[in-house]
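Student: Protein chains in written order, with this note's numbering: chain Z, 159 to 385; chain X, 380 to 682.
Input: one structure, supplied below.
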Amino acid sequence: MIALNAVVKRYPDGHEALRGVTLDIEGGEMVFITGRSGAGKSTLLRLMSGIERPTSGALSIHGKDITRLSTSALARLRRNIGLVFQDHQLLMDRSVEENAALPLRIAGLHGKELKQRVALALEKVGLDGQAKASPLALSGGERQRLCIARAIVNRPRLVIADEPTGHLDTGYANTILDIFKSFHSAGVTIIIAMHDTASLPLPNSRILSLEDGLVSADSETESSEAV
Amino acid sequence: MLGWLLQHRIALLRAFSQLARQPVAHLIGVLVIAFALSLPAGALRLIDRAASLGQGALHEPHLTLFMKQDADDAAVRAVWDTLALRTDVREFRYISNTEALAEMKAMPGLVDAISALDRNPLPHTFVVLSRSPAPQALENLRAALAGLAKVERVQVDSAWAKRLDALVQFARRGAGGLTVLLAVAMAFTVFSTVRQQVLSSSSEIEITHLIGATPGYIRRPFLYFGVLQGWLGSLAAGLLLWLGSRWFNDAVQPLSNLFAMNLQLPALSLREWVLLGAAGMGWSWASAYLSVSLTLRRIAARC
Numbered sequence: 159m160i161a162l163n164a165v166v167k168r169y170p171d172g173h174e175a176l177r178g179v180t181l182d183i184e185g186g187e188m189v190f191i192t193g194r195s196g197a198g199k200s201t202l203l204r205l206m207s208g209i210e211r212p213t214s215g216a217l218s219i220h221g222k223d224i225t226r227l228s229t230s231a232l233a234r235l236r237r238n239i240g241l242v243f244q245d246h247q248l249l250m251d252r253s254v255e256e257n258a259a260l261p262l263r264i265a266g267l268h269g270k271e272l273k274q275r276v277a278l279a280l281e282k283v284g285l286d287g288q289a290k291a292s293p294l295a296l297s298g299g300e301r302q303r304l305c306i307a308r309a310i311v312n313r314p315r316l317v318i319a320d321e322p323t324g325h326l327d328t329g330y331a332n333t334i335l336d337i338f339k340s341f342h343s344a345g346v347t348i349i350i351a352m353h354d355t356a357s358l359p360l361p362n363s364r365i366l367s368l369e370d371g372l373v374s375a376d377s378e379t380e381s382s383e384a385v
Numbered sequence: 380m381l382g383w384l385l386q387h388r389i390a391l392l393r394a395f396s397q398l399a400r401q402p403v404a405h406l407i408g409v410l411v412i413a414f415a416l417s418l419p420a421g422a423l424r425l426i427d428r429a430a431s432l433g434q435g436a437l438h439e440p441h442l443t444l445f446m447k448q449d450a451d452d453a454a455v456r457a458v459w460d461t462l463a464l465r466t467d468v469r470e471f472r473y474i475s476n477t478e479a480l481a482e483m484k485a486m487p488g489l490v491d492a493i494s495a496l497d498r499n500p501l502p503h504t505f506v507v508l509s510r511s512p513a514p515q516a517l518e519n520l521r522a523a524l525a526g527l528a529k530v531e532r533v534q535v536d537s538a539w540a541k542r543l544d545a546l547v548q549f550a551r552r553g554a555g556g557l558t559v560l561l562a563v564a565m566a567f568t569v570f571s572t573v574r575q576q577v578l579s580s581s582s583e584i585e586i587t588h589l590i591g592a593t594p595g596y597i598r599r600p601f602l603y604f605g606v607l608q609g610w611l612g613s614l615a616a617g618l619l620l621w622l623g624s625r626w627f628n629d630a631v632q633p634l635s636n637l638f639a640m641n642l643q644l645p646a647l648s649l650r651e652w653v654l655l656g657a658a659g660m661g662w663s664w665a666s667a668y669l670s671v672s673l674t675l676r677r678i679a680a681r682c
């Protein structure tokens with residue numbers, strides 16, 4: 159599903175965030191990317207989501223080499239990836255359901271089907287009672303759930319989340335992780351970047367550790383194992 | 380296809396709502412576009428009208444031959460015969476002093492003045508059409524006719540047209556410069572209005588960009604806004620031109636009567652309306668495209 163080969167990402171200021179990462183992520187995997195701040199987690203996620211392109215190396219998503227795609231083609235590719243951001247990236251002047259519907263509108267969907275899909279996505283994350291509310295009226299955990307609803311409303315085969323539990327207490331963090339686990343059980347590939355995985359139960363998962371722009375460890379957890 | 384059309388509809392509605400949200404601010408923008416379009420368009424219409432008046436005279440080079448007051452029928456006949464024989468004369472028309480006086484009497488306001496005269500002060504006249512419009516040929520013909528017996532004066536009537544033509548060419552250049560200046564002002568207006576809108580929507584643009592909006596999708600509402608502003612500006616420009624033409628035609632009516640010439644500006648034709656609309660919308664679209672593309676590039680660099 160995602161293949162990286164000797165991927166380097168260097169920013170215009172000269173900072174090298176990734177220094178030759180090679181890895182493959184298969185469909186149906188649940189992958190946690192861990193590492194300290196500045197290890198390159200977010201950069202890796204942005205590359206795997208098609209938001210940025212590598213400076214060198216090869217990177218393919220859904221079998222497409224993103225270095226060869228046009229800006230528009232890359233944007234269309236991103237529609238098939240559900241993205242969850244740490245800082246939510248919500249439109250505060252729109253309602254909960256309008257935020258969740260945004261990817262569908264971009265994809266050109268409308269009418270009854272759009273409403274049905276939005277209602278279903280909000281129901282899956284437990285926000286079905288707050289469809290008309292403003293995101294400003296939601297708590298941090300609820301906003302994150304709205305962000306997840308927006309990510310899955312297009313029924314993507316791949317969901318990528320950057321520190322989705324970053325600002326949440328353990329209770330809320332577990333709720334969010336449970337939502338991801340339920341999608342994973344339904345066959346969706348999940349990639350989550352997390353600063354700290356020590357306190358969370360991550361069953362049937364692959365853990366990729368990043369250190370200084372390189373993969374330092376690649377391991378798997380057993381079923382119901384606490385990492 | 381339906382989804383694509385729907386996206387365009389949404390973008391258009393969004394552009395309308397942007398206009399409705401700040402009507403006064405956008406009205407100023409529309410007026411700038413209207414003036415930027417109507418000033419050069421109005422100037423060019425005036426110049427074209429002046430040019431069309433001169434063109435007739437340039438293409439029909441003619442001279443007016445005035446006989447002396449004491450010229451009798453024999454002298455008139457001699458001039459007639461000479462004109463009939465000359466190969467450089469295409470055609471000529473004789474206006475007797477009696478005919479000329481009768482024409483003048485038909486003009487309103489002159490009846491009383493003419494009745495007060497004890498004799499006809501007008502000379503017998505020939506209007507001569509030259510075969511060649513070349514200035515030298517006209518001058519040769521003038522000199523030849525001026526030497527005939529009982530001829531008071533021969534006047535080359537196309538001289539004024541030549542001067543008018545030179546003025547028209549000069550005015551066209553001036554109008555061209557004015558058009559460029561105002562087009563830049565119009566582009567700047569649309570550019571800065573769209574830029575402000577893009578910047579105020581930057582968070583929405585960033586989010587839609589991240590979740591899969593193509594540059595075309597992001598640009599669309601802003602381009603519609605630019606085109607809409609250009610369209611409204613074109614309509615306002617048409618209205619200004621119509622009002623300007625009415626004012627001009629009222630002012631020029633006495634002159635038209637005096638010179639027995641149609642100096643009035645015609646109403647805007649369908650072609651002119653289409654050109655005005657195309658110029659307004661096309662230029663606004665291009666300005667909006669440039670503005671949104673440059674601003675998006677900066678926003679995309681931040682993402």
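C-beta: ideal position from N, C-alpha, C; glycine also.
Please state if the CB of A307 of chain Z and the CB of K282 of chain Z are separated by a distance shorter than 8 Å.
Tutor: Cβ distance < 8 Å, so K282 of chain Z and A307 of chain Z count as in contact.
Student: Rounded to the nearest angstrom, what separates E383 of chain Z and P361 of chain Z at their Cα positions?
Tutor: With a pLDDT of only 43 at E383 of chain Z, under the threshold of 50, the placement of this residue in the model should not be trusted; the figure read from the coordinates follows. Those two C-alpha atoms are separated by around 5 Å.
Student: Flag this pair as touching only if the region 512 to 526 of chain X and the region 474 to 483 of chain X have three or more C-beta atom pairs under 8 Å; answer yes or no.
Tutor: As far as the Cβ criterion goes, the region 512 to 526 of chain X does not touch the region 474 to 483 of chain X, which means the pair count is below three.
Student: Bridge partners of Q534 of chain X, per DSSP?
Tutor: The partner list for Q534 of chain X (beta bridge, DSSP) reads X:T443.
Student: Does the beta carbon of I264 of chain Z come closer than 8 Å to any beta carbon on chain X?
Tutor: Yes, I264 of chain Z counts as interfacial toward chain X.
Student: By DSSP, does A562 of chain X sit in helix, in strand, or in coil?
Tutor: A562 of chain X falls in the helix class under three-state DSSP.
Student: Take S494 of chain X as the anchor and find which of X:K484, X:D629, X:K447 has the nearest alpha-carbon.
Tutor: Out of X:K484, X:D629, X:K447, X:K484 has the C-alpha closest to the C-alpha of S494 of chain X.
Student: Whole-angstrom Cβ separation of L416 of chain X and S613 of chain X, contact assumed at under 8 Å?
Tutor: Right, the Cβ-Cβ distance comes to about 6 Å (below 8 Å), so this counts as a contact.
Student: Can you tell me the Cβ-Cβ gap for R177 of chain Z and V166 of chain Z, rounded? I've got them flagged as a contact below 8 Å.
Tutor: With a Cβ gap of about 6 Å, R177 of chain Z and V166 of chain Z count as contacting.
Student: Report yes if the CB atom of R234 of chain Z is closer than 8 Å to the CB atom of T568 of chain X, and no otherwise.
Tutor: Result no, Cβ atoms of R234 of chain Z and T568 of chain X do not sit closer than 8 Å.
Student: Excluding sequence positions up to five away, which residues of its chain have a Cβ less than 8 Å from the Cβ of R239 of chain Z?
Tutor: According to the sequence as given, residue 239 of chain Z is Ile; it is not Arg. Once the five neighbours on either side are set aside, the close Cβ partners of I239 of chain Z are S207, G208, I219, P314, L316, V317, I318.
Student: Which of the three DSSP states, helix, strand or coil, is assigned to D223 of chain Z?
Tutor: Note: D223 of chain Z maps to strand in three-state DSSP.
Student: Are the beta-carbon atoms belonging to R303 of chain Z and L285 of chain Z less than 8 Å from one another?
Tutor: For R303 of chain Z and L285 of chain Z, yes; Cβs fall inside 8 Å.
Student: So, do the region 614 to 623 of chain X and the region 646 to 664 of chain X have three or more beta carbon pairs nearer to each other than 8 Å?
Tutor: The region 614 to 623 of chain X is in contact with the region 646 to 664 of chain X.
Student: Check whether chain Z comes within 8 Å of L391 of chain X, counting only Cβ atoms and requiring the distance to be less than that.
Tutor: No, its Cβ sits nowhere closer than 8 Å to a Cβ of chain Z.
Student: Determine the DSSP secondary structure at F341 of chain Z, reduced to helix, strand or coil.
Tutor: F341 of chain Z falls in the helix class under three-state DSSP.
Student: Which residue or residues does DSSP assign as beta-bridge partners of K167 of chain Z?
Tutor: Paired residues: Z:L176.
Student: For Q244 of chain Z versus G324 of chain Z, is the C-beta distance shorter than 8 Å?
Tutor: For Q244 of chain Z and G324 of chain Z, yes; Cβs fall inside 8 Å.
Student: For Q515 of chain X, does the count of other Cβ atoms within 10 angstroms reach 16, so buried, or fall short, so exposed?
Tutor: Burial call: exposed.
Student: Can you round the beta-carbon distance between H441 of chain X and D536 of chain X to whole angstroms, since I take them to be within the 8 Å contact cut?
Tutor: 5 Å between Cβ atoms; contact.
Student: Ignoring anything shorter than 4 residues or poking outside the region 286 to 370 of chain Z, list the alpha helix (DSSP H) runs there in chain order.
Tutor: You should have 298 to 310, 328 to 343.
Student: Report the residue from Z:L366, Z:S292, Z:C305, Z:H268 whose alpha carbon sits nearest the alpha carbon of Q386 of chain X.
Tutor: Checked all of Z:L366, Z:S292, Z:C305, Z:H268; the closest Cα to Q386 of chain X is Z:H268.
Student: Can you tell me where the beta strand (DSSP E) with T504 of chain X in it begins and where it stops?
Tutor: Where T504 of chain X is concerned, the enclosing beta strand (DSSP E) stretches over 504 to 509.
Student: Quick check on this structure: which residue in X:G526, X:K541, X:T466, X:R498 has the alpha carbon closest to the alpha carbon of L508 of chain X?
Tutor: If we check each option's Cα against that of L508 of chain X, X:T466 comes out closest.
Student: Where S228 of chain Z and A390 of chain X are concerned, what is the direct C-alpha to C-alpha distance, given to the nearest angstrom?
Tutor: C-alpha separation (whole angstroms): 23 Å.
Student: Within its chain, find whatever has a CB closer than 7 Å to the CB of W610 of chain X; leave out the 5 residues flanking it on each side and keep chain order.
Tutor: Here the set comprises G656, G659, M660.
Student: Closest to S571 of chain X by C-alpha separation, out of X:T504, X:G605, X:G382, would be which residue?
Tutor: When only C-alpha atoms are compared, the closest one is X:G605.
Student: Please find out if some non-hydrogen atom of the ligand ATP comes closer than 7 Å to the beta-carbon of A413 of chain X.
Tutor: The ligand ATP is absent from the structure shown, which contains no ligands of any kind.
Student: Which of the residues in the region 184 to 215 of chain Z, read from start to end, lie with their CB under 7 Å from any CB of chain X?
Tutor: Those would be I209, in chain order.
Student: Identify the continuous alpha helix (DSSP H) that holds G363 of chain X and give its terminal residues.
Tutor: Here chain X comprises residues numbered 380 to 682, so residue 363 of chain X is not present and cannot be evaluated.
Student: Just checking: is the beta-carbon of I584 of chain X within a distance shorter than 8 Å of some beta-carbon in chain Z?
Tutor: No, I584 of chain X lies away from the interface with chain Z (no Cβ there is under 8 Å from its Cβ).
Student: Whose C-alpha, out of X:W626, X:S581, X:V577, X:Y603, is nearest the C-alpha of S670 of chain X?
Tutor: Cα-wise, what sits closest to S670 of chain X is X:V577.
Student: Per DSSP, what kind of secondary structure is E383 of chain Z in: helix, strand or coil?
Tutor: Note on E383 of chain Z: pLDDT 43, under 50, position unreliable in the model; the coordinate value appears next. E383 of chain Z falls in the coil class under three-state DSSP.
Student: Is the beta carbon of L368 of chain Z less than 8 Å from the beta carbon of A164 of chain Z?
Tutor: No, Cβ-Cβ distance for L368 of chain Z and A164 of chain Z is not below 8 Å.
Student: Give me the chain Z residues within the contact set of A592 of chain X, using Cβ-Cβ distance strictly less than 7 Å, ordered along the chain.
Tutor: The answer, in chain order, is A233, I264.
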